[in-house]
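Chemist:
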Amino acid sequence: MLPPPDASGPIGEEHTIAYAGCTEAGFEVLRRLCERGVDVDEVVTITPAMAADAHVSGYHDYTEFALARDIDVYEPETYGMGTEADLAHFETLDADLLVVNGWQRLVPGEVLETVTRGGLGVHGSAFGLPKGRGRSPMNWSLIEGLDRFLLSVIGLDEDADAGLVLDTAKYDITPHDDIQTLYHKLTVATSRLLLDNLSAVLAGEAEFTEQTGTPTYYPRRRPGDGAICWEDTTRTILNLVRAVARPYPGAFTEFEGERVTVWEAIPFSDDFVYDDPPGTVVEVFETTGEFVVATADGTLLVSDWEADEWTPERGQRLESLPNESIGSPDRVDGPDRHDELS
Numbered sequence: 001m002l003p004p005p006d007a008s009g010p011i012g013e014e015h016t017i018a019y020a021g022c023t024e025a026g027f028e029v030l031r032r033l034c035e036r037g038v039d040v041d042e043v044v045t046i047t048p049a050m051a052a053d054a055h056v057s058g059y060h061d062y063t064e065f066a067l068a069r070d071i072d073v074y075e076p077e078t079y080g081m082g083t084e085a086d087l088a089h090f091e092t093l094d095a096d097l098l099v100v101n102g103w104q105r106l107v108p109g110e111v112l113e114t115v116t117r118g119g120l121g122v123h124g125s126a127f128g129l130p131k132g133r134g135r136s137p138m139n140w141s142l143i144e145g146l147d148r149f150l151l152s153v154i155g156l157d158e159d160a161d162a163g164l165v166l167d168t169a170k171y172d173i174t175p176h177d178d179i180q181t182l183y184h185k186l187t188v189a190t191s192r193l194l195l196d197n198l199s200a201v202l203a204g205e206a207e208f209t210e211q212t213g214t215p216t217y218y219p220r221r222r223p224g225d226g227a228i229c230w231e232d233t234t235r236t237i238l239n240l241v242r243a244v245a246r247p248y249p250g251a252f253t254e255f256e257g258e259r260v261t262v263w264e265a266i267p268f269s270d271d272f273v274y275d276d277p278p279g280t281v282v283e284v285f286e287t288t289g290e291f292v293v294a295t296a297d298g299t300l301l302v303s304d305w306e307a308d309e310w311t312p313e314r315g316q317r318l319e320s321l322p323n324e325s326i327g328s329p330d331r332v333d334g335p336d337r338h339d340e341l342s
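Per our numbering, numbering through the sequence shown is continuous, rising by one, with the last residue being 342.
In structure tokens, the structure reads:
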């Protein structure tokens, strides 16, 4: 169990703290830190246009919040902070600590070297670091049907998620969770971990430990990885829907070439037997717009969906789309896939 943070009085008044983020979850942590007395001097974020170009899921603009609290805002020339102007800015800032949260790029080592106490970030997996380094570990955990997540605050270096571990917290993944509710849990865990440790980090008294064991890596996920194959089991399809729900692009199927995005679904019933092949719409509830689809081993009730012109009708056969990311036996893969993290 993760207890409430023990934060008494302002944190960082005599230090320069920068916070880099651009997602909804990152914003929620920033807001909680400020409300609990953390003195953030600068917010590093990106513009809506840059977020659109980078396809940032769950983007949030921090500017209004920061300026209302007299926090400086810096928008780097590139999302990766890799230009000479970006480096010059951080050299001038001369921060004591850089907190990176909700920032989907590696921070260059040259930037980290300008920060007295370095950078802090968060990462985790169901098995704890160094297992599950890489991309989208909570999405993958839902896809794999796992029931817990171990989140660590780590010191940042140039390698992906390889830094020293400062502190770790566990939270559950219940059958009712989707990726949005996991982000809520991530927000609570990250806020508490940071509030418990920031004072010691700023004072140079924090104790970090090495990650031990053989690292594994999650590969990058793309919008096409939300494709539904109705010949999979009900649980496999449901876990995919949970993993790519909002703010991600969603799971999807097709009917006669038109995309149908599935935002929410639940197993329907093991007692009603249908002879229809997987992908067939076997029931439609016109008053609510919900419909039931046959799967390889049962049925799935689709309760929230979106399409331009398609409407469900009984007997329609939704297309089973190929999705190698679901069945891949090495989706928690080894260092040979490390290049996919960029």
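Even glycine gets a Cβ: it sits at the ideal position worked out from N, Cα and C.
As the structure is a prediction and not an experimental result, all values here were calculated from the model.
Pairs of beta-carbons, one from the stretch 278-291 and one from the stretch 185-193, closer than 8 Å: are there three or more?
Modeler: no
Chemist: Name, in chain order, the residues that DSSP records as bridge partners for Ser-125.
Modeler: Working through the sequence shown from its first residue, we reach residue 125 at position 125. Paired residues: Leu-150.
Chemist: For the stretch 81-93 against the stretch 120-139, do three or more pairs of beta-carbon atoms, one drawn from each stretch, fall closer than 8 Å, so that the two count as touching?
Modeler: no
Chemist: In chain order, what residues of the same chain lie with their CB nearer than 6 Å to the CB of Arg-317, ignoring the 5 residues before and after it?
Modeler: Within the sequence shown, the letter at position 317 stands for residue 317. Answer for Arg-317: Gly-279 and Thr-280, listed in chain order.
Chemist: Quick check: what's the CA-CA separation for Leu-98 versus Ile-46?
Modeler: Counted from its first residue, the sequence shown places residue 98 at position 98. Counted from its first residue, the sequence shown places residue 46 at position 46. Near 16 Å, if we compare the C-alpha coordinates of Ile-46 and Leu-98.
Chemist: Out of Tyr-183, Glu-309, Val-201 and Thr-181, point me to the one whose CA is closest to Val-165's CA.
Modeler: Reading the sequence shown from its first residue, position 165 is the one you call residue 165. Looking at the Cα atoms, Val-201 is the closest of the given residues.
Chemist: Give the list of continuous beta strand (DSSP E) stretches no shorter than 3 residues that lie fully inside the stretch 76-117.
Modeler: 97-100
Chemist: Output yes or no for whether 8 Å exceeds the beta carbon distance between Leu-194 and Leu-151.
Modeler: What you label residue 194 is simply residue 194 of the sequence shown in a count that begins at 1. What you label residue 151 is simply residue 151 of the sequence shown in a count that begins at 1. Not closer than 8 Å, so no.
Chemist: Per DSSP, Gly-134 is paired with what?
Modeler: If you number the sequence shown from 1, residue 134 lands on position 134. Gly-134 pairs with Tyr-218.
Chemist: State the CB to CB distance for the pair Trp-305 and Val-262, rounded to an integer number of angstroms; the pair is presumed to be in contact (CB under 8 Å).
Modeler: On the sequence shown, position 305 is the one that residue 305 refers to. On the sequence shown, position 262 is the one that residue 262 refers to. Right, their Cβ atoms sit about 5 Å apart.
Chemist: What distance in whole Å lies between the Cβ atoms of Pro-267 and Pro-249, which are believed to be in contact at a cut-off of 8 Å?
Modeler: What you label residue 249 is simply residue 249 of the sequence shown in a count that begins at 1. What you label residue 267 is simply residue 267 of the sequence shown in a count that begins at 1. About 23 Å separates the two Cβ atoms, so there is no contact after all.
Chemist: For Ala-54, I'd like the list of residues in its chain whose CB is within less than 6 Å of its CB, leaving aside the five on either flank, ordered along the chain.
Modeler: Along the sequence shown, one-based indexing puts residue 54 at 54. Excluding residues within five positions, the ones whose Cβ falls inside 6 Å are Tyr-79.
Chemist: Give the list of continuous beta strand (DSSP E) stretches no shorter than 3 residues that lie fully inside the stretch 248-332.
Modeler: 251-255, 258-267, 281-285, 290-294 and 299-306
Chemist: Beta-carbon separation of Asp-41 and Thr-16 under 8 Å?
Modeler: For the purposes of this step, residue 41 is taken as the residue at position 41 of the sequence shown. For the purposes of this step, residue 16 is taken as the residue at position 16 of the sequence shown. Contact flag set, yes.
Chemist: On the premise that Ile-173 lies in contact with Asp-147, defined as a C-beta separation below 8 Å, what is that separation, rounded to the nearest angstrom?
Modeler: On the sequence shown, residue 147 is found 147 positions in, with the first residue counted as 1. On the sequence shown, residue 173 is found 173 positions in, with the first residue counted as 1. Confirmed, about 5 Å.
Chemist: For Val-43 and Phe-27, what's the separation of their Cα atoms in angstroms?
Modeler: The residue given as residue 43 occupies position 43 in the sequence shown. The residue given as residue 27 occupies position 27 in the sequence shown. Straight-line Cα distance between these residues: approximately 10 Å.
Chemist: Report the three-state DSSP secondary structure of Gly-224 (helix, strand or coil).
Modeler: Start at 1 with the first residue of the sequence shown, and residue 224 comes out as number 224. Looking at Gly-224 - three-state DSSP - the assignment turns out to be helix.
Chemist: Shortest alpha-carbon distance to Tyr-183 belongs to which of Asn-197, Ala-206, Val-244 and Gly-145?
Modeler: Taking the first residue of the sequence shown as position 1, residue 183 is located at position 183. Considering only alpha carbons, the answer is Val-244.
Chemist: Kindly give me the distance between the Cβ atoms of Leu-156 and Gly-118, rounded to whole angstroms, as I take these residues to be in contact under 8 Å.
Modeler: Along the sequence shown, one-based indexing puts residue 156 at 156. Along the sequence shown, one-based indexing puts residue 118 at 118. Indeed, because the Cβ distance is near 6 Å, the residues count as touching under 8 Å.
Chemist: Could you compute how far the alpha carbon of Glu-14 sits from the alpha carbon of Thr-114?
Modeler: Position 14 of the sequence shown, counting from 1, holds the residue named residue 14. Position 114 of the sequence shown, counting from 1, holds the residue named residue 114. Linking Glu-14 to Thr-114 through their CA atoms gives a straight-line distance of about 18 Å.
Chemist: Can you tell which of Ile-11, Glu-258 and Lys-170 has its C-alpha closest to the C-alpha of Phe-127?
Modeler: As a position in the sequence shown, residue 127 is number 127, starting the count at 1. Nearest of Ile-11, Glu-258 and Lys-170 to Phe-127, Cα basis: Lys-170.
Chemist: Per DSSP, what kind of secondary structure is Asp-172 in: helix, strand or coil?
Modeler: Residue mapping note: residue 172 aligns to position 172 of the sequence shown, counting from 1. Looking at Asp-172 - three-state DSSP - the assignment turns out to be strand.
Chemist: Under 8 Å, do Ala-265 and Ser-303 count as touching if we go by C-beta distance?
Modeler: Within the sequence shown, numbered from 1, the residue matching residue 265 stands at position 265. Within the sequence shown, numbered from 1, the residue matching residue 303 stands at position 303. Yes; because the gap between Cβ atoms is below 8 Å, this pair is in contact.
Chemist: Sort His-176, Glu-144, Glu-110 and Phe-149 by Cα distance to Asp-159 and report the nearest one.
Modeler: Here residue 159 is taken as the residue at index 159 of the sequence shown, counted from 1. Checking every option, the nearest Cα to that of Asp-159 belongs to Glu-110.
Chemist: How about Leu-154 and His-176: do their beta carbons lie closer than 8 Å?
Modeler: The count along the sequence shown starts at 1 and reaches residue 154 at position 154. The count along the sequence shown starts at 1 and reaches residue 176 at position 176. Reading off the sequence shown, one finds Ile at residue 154, where the question assumed Leu. Not closer than 8 Å, so no.
Chemist: Between which two residues does the alpha helix (DSSP H) harbouring Glu-64 extend?
Modeler: Taking the first residue of the sequence shown as 1, we reach residue 64 at position 64. Start and end: 63-68.
Chemist: Taking C-alpha atoms, which residue in Gln-211, Arg-259, Leu-198 and Thr-212 lies nearest to Gly-226?
Modeler: Residue numbering aside, residue 226 sits at position 226 when the sequence shown is read from its first letter. It is Arg-259 whose Cα lies nearest to the Cα of Gly-226.
Chemist: For the stretch 32-66, list the beta strand (DSSP E) runs that are entirely contained and at least 3 residues long, ordered along the chain.
Modeler: Runs found: 42-44.
Chemist: Would you decide whether Glu-340 is buried or exposed? Buried here means 16 or more other CB atoms lie within 10 Å of its CB.
Modeler: For this step, residue 340 is matched to residue 340 along the sequence shown. The predicted model places Glu-340 with a pLDDT of 47, which falls under 50 and marks its position as unreliable, so this point remains unresolved.
Chemist: Near Glu-91, what residues of its chain come up, given a Cβ to Cβ distance below 8 Å and the 5 sequence neighbours on each side ignored?
Modeler: Here residue 91 is taken as the residue at index 91 of the sequence shown, counted from 1. Cβ within range, chain order: Thr-114.
Chemist: For Leu-164, name the three-state secondary structure that DSSP assigns.
Modeler: As a first step, residue 164 is located in the sequence shown; it is residue number 164 there, counting from the start. Here Leu-164 carries a coil assignment [DSSP, helix/strand/coil].
Chemist: In terms of DSSP beta bridges, what is Ile-71 paired with?
Modeler: The residue given as residue 71 occupies position 71 in the sequence shown. In DSSP, Ile-71 forms no bridge with anything.
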